[in-house]
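For reference, the structure discussed in these notes is given below.
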Amino acid sequence: MVLDAPRTPLRAADRPPPRPEAGQVLLQVRACGVCRTDLHVVDGELKEPKLPLVLGHQIVGVVEEAGPGARAHAVGRRVGVPWLGWTCGECRYCRSGRENLCLRARFTGYQIDGGFAEQAVADERFCFPIPAGFPDLQAAPLLCAGLIGWRSLSMAGDGERLGLYGFGAAAHIVAQVARHQGRRVFAFVRPGDEAARRFALEMGAEWAGGAEERPPEELDAAIIFAPAGELVPRALAAVGRGGTVVCGGIHMSDIPTFPYELLWGERVLRSVANLTRKDGEEFLALAPRIPVRTEVQAYPLEEAGRALDDLRGGRLRGAAVVTPLTPAPLPLPGERG
Ligand SMILES: [Zn+2]
Ligand SMILES: [Zn+2]
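Residue numbers (my numbering): 65 to 401.
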């Protein structure tokens, strides 16, 4: 499925099979998760995509062939490919354990063709073995929703009372990890979205309300996954002194001005950018021990556009995943909300 230009629909295209270059593996794609970042690329809010582009940066695939010199993954091994697709290894960020900030980084489904396809190639150094016990569809959201969620949670500090703004793919995973760590979870959803509120409670939140509401008690930290800048002052108002607010998305609408009082008291406001391979190794080791259970809604590959629309419209419970293999059952018309 190809994006020719921002703000145009994805198009099904027959392309010659990709060839693995030196250090790359060729993957048969089994499933690929859909992420809000994909919407930001389609909408032209992220300005530097290769075009035409195959979107998708949560790839679960099986190694079909190794390119010259690629030895890390045997043919037949199931691996996952995340957003971080290549780093230079030389810049001051790469050399200090912060490859997520690499000045020359290239990203899957953005500057490198991604996983909304039957086959994909990836740098073998940026492929993670997928833990057994996660079926292909359920594993896919671990690779961005899970990894970025994990990095965001790590950056939120170790406070007990955690707020999650926007209860989609990332939050439903983070809630499970946070509960496993003994934290208490408070979820904020779109005002009036009763289905999302119930979903958050099922996933372990002890309270769920509209994003405009104040939580029943002061929070120690909050993570904002929704791309709405007006949530920043709200989240700052909800955390206590010394609390941290983490913005987990790659793009956000402008943040309104707010009184300094909301930041005073050593509150911290920060973003999380991308991921490191260390985040991936840590999280994929932890996920089966919890165990994280992802809720997915499957779409046939050729319906990737519909998956993006459902994400945009807030019609998902958990994460959307496209698959070129098993035709997913289509929801009845009444079920699309
Ligand atoms: Zn993503
Ligand atoms: Zn670098």
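Glycine is no exception: its CB is placed at the ideal position from the N, C-alpha and C atoms.
Self-check item: Completely contained alpha helix (DSSP H) runs for the segment 238-270, where each covers 4 or more residues
Solution: With a minimum length of 4 residues, the continuous alpha helix (DSSP H) runs that stay inside the segment 238-270 are 258-266.
Practice problem: Name the one or two DSSP bridge partners that C96 has. | Solution: Partner(s): I123, V386.
Quiz item: Can you give the Cα-Cα distance for C158 and D373, rounded to whole angstroms?
Solution: Distance from the CA of C158 to the CA of D373, rounded to the nearest whole angstrom, comes to 36 Å.
Self-check item: Collapsed DSSP secondary structure at W214 in the structure displayed
Solution: Reduced to three states, the DSSP call for W214 is helix.
Quiz prompt | Counted within 10 angstroms of its Cβ, other Cβ atoms place V241 as buried (16 or more) or exposed | solution = That one is buried.
Quiz prompt | Complete alpha helix (DSSP H) runs within the segment 319-370 (minimum length 4 residues, chain order) | solution = For the segment 319-370, whole alpha helix (DSSP H) runs of length 4 or above, ordered along the chain, are 341-350.
Quiz item: Would A299 pass as a contact of Y229 if the rule is Cβ separation under 9 Å?
Solution: Against a cut-off of 9 Å, the Cβ pair of Y229 and A299 comes out as a contact.
Quiz item: For S216, is the classification buried or exposed, using 16 other Cβ atoms within 10 angstroms of its Cβ as the cut-off for buried?
Solution: Buried, because 16 or more other Cβ atoms sit within 10 Å of the Cβ of S216.
Quiz item: Nearest to E224 by alpha carbon, out of G125, T72, G307?
Solution: Ranking G125, T72, G307 by Cα distance to E224 puts G307 first.
Quiz prompt | K165, enclosing alpha helix (DSSP H) - first and last residue | solution = Correcting the residue identity first, residue 165 is Leu in this sequence and not Lys. It is not in any alpha helix (DSSP H) - L165 carries neither H nor E in the DSSP assignment.
Quiz item: Thinking just about the alpha-carbon of each residue, which of F289, S218, F250, L339 is nearest to the one in G313?
Solution: Comparing Cα positions, the closest option is F289.
Practice problem: Please indicate yes or no: does the CB of C99 lie closer than 8 Å to some heavy atom of ligand 1? | Solution: Result yes, Cβ under 8 Å from ligand 1.
Quiz prompt | Three-state secondary structure assigned by DSSP to V89 | solution = The DSSP-derived three-state label of V89 is strand.
Practice problem: Evaluate A264 with the Cβ neighbour count: other Cβ atoms within 10 Å of its Cβ, from every protein chain shown; 16 or more gives buried, anything less gives exposed. | Solution: Counting the other Cβ atoms within 10 Å of the Cβ of A264 gives 16 or more, which makes it buried.
Quiz item: Beta carbon of V145, beta carbon of I123: below 9 Å?
Solution: Going by C-beta atoms, V145 is nearer than 9 Å to I123.
Quiz prompt | Proximity test, Cβ basis, 9 Å: R353 and chain D | solution = The structure shown contains no chain D; it is built from a single protein chain.
Quiz item: How big is the Cα-Cα spacing for L201 and P323?
Solution: Our two residues, L201 and P323, have alpha carbons roughly 44 Å apart in a direct line.
Exercise. Check L110 in the structure and name its three-state DSSP category.
Key: It is coil, neither helix nor strand.
Quiz item: Can H236 be considered in contact with ligand 1, in the sense that its beta carbon sits closer than 8 Å to one or more heavy atoms?
Solution: Flag unset: Cβ of H236 not near ligand 1.
Self-check item: The beta strand (DSSP E) enclosing Q202, as first and last residue numbers
Solution: Premise fails: Q202 lies in the alpha helix (DSSP H), 200-203, not in any beta strand (DSSP E).
Quiz item: Is it the case that the Cβ atoms of V105 and V66 are separated by a distance below 9 Å?
Solution: Taking 9 Å as the Cβ cut-off, V105 and V66 do not qualify as a contacting pair.
Quiz item: Which whole-angstrom value is the C-beta distance of A368 and P205, which I expect to be below 8 Å?
Solution: Their Cβ separation, rounded to whole angstroms, is 15 Å, which puts A368 and P205 out of contact at 8 Å.
Quiz item: Distance, Cα to Cα, R379 vs A371?
Solution: Answer to the nearest angstrom: the Cα atoms are 9 Å apart.
Quiz item: Three or more beta-carbon pairs under 8 Å between the segment 174-191 and the segment 106-117, yes or no?
Solution: Flag = yes, the segment 174-191 and the segment 106-117 touch.
Quiz item: Should L211 be labelled buried (16 or more other beta-carbon atoms within 10 Å of its own) or exposed?
Solution: Burial call: buried.
Quiz prompt | Beta-carbon spacing of I275, A292 below 9 Å | solution = A small correction: the amino acid at residue 275 is Ala; Ile does not occupy that position in the sequence shown. Yes, Cβ-Cβ distance for A275 and A292 is below 9 Å.
Quiz item: On the premise that G131 lies in contact with G87, defined as a C-beta separation below 8 Å, what is that separation, rounded to the nearest angstrom?
Solution: So it is a contact: roughly 6 Å between Cβ atoms.
Quiz item: Residues in its own chain within less than 8 Å of R141 by CB, not counting five upstream and five downstream?
Solution: V126, V127, P193, listed in sequence order.
Exercise. Could you pull out every residue in the same chain whose Cβ sits closer than 6 Å to the Cβ of A95, ignoring the five residues on either side in sequence?
Key: The beta carbon of A95 lies closer than 6 Å to those of V124, D200, L201, A204, V385, T387 in the same chain, with the five residues before and after it left out.
Quiz item: If you drop the 5 nearest sequence neighbours on each side, which residues of the same chain put their C-beta closer than 7 Å to that of H315?
Solution: Only H104, E109, L110, P291 meet the Cβ criterion.
Quiz item: With a CB to CB cut of under 7 Å and the five nearest residues on each side skipped, what residues in its chain are close to L348?
Solution: Scanning its chain for C-beta atoms nearer than 7 Å, with the 5 sequence neighbours on each side dropped, one finds around L348 the residues F192, P195, L206, in chain order.
Exercise. Measure the beta-carbon distance from R243 to V253 and round it to whole angstroms, keeping in mind my assumption that it falls under 8 Å.
Key: Between V253 and R243 the Cβ distance is about 18 Å, and since that is not below 8 Å, they are no contact.
Quiz prompt | Other residues of its chain near T151: CB distance less than 6 Å, five sequence neighbours each side excluded | solution = Cβ neighbours of T151 beyond the five flanking positions: C158, E163, C166, A169.
Practice problem: Compute the Euclidean distance between the alpha carbons of M219 and P81, then round it to the nearest angstrom. | Solution: Cα-Cα distance, rounded: 40 Å.
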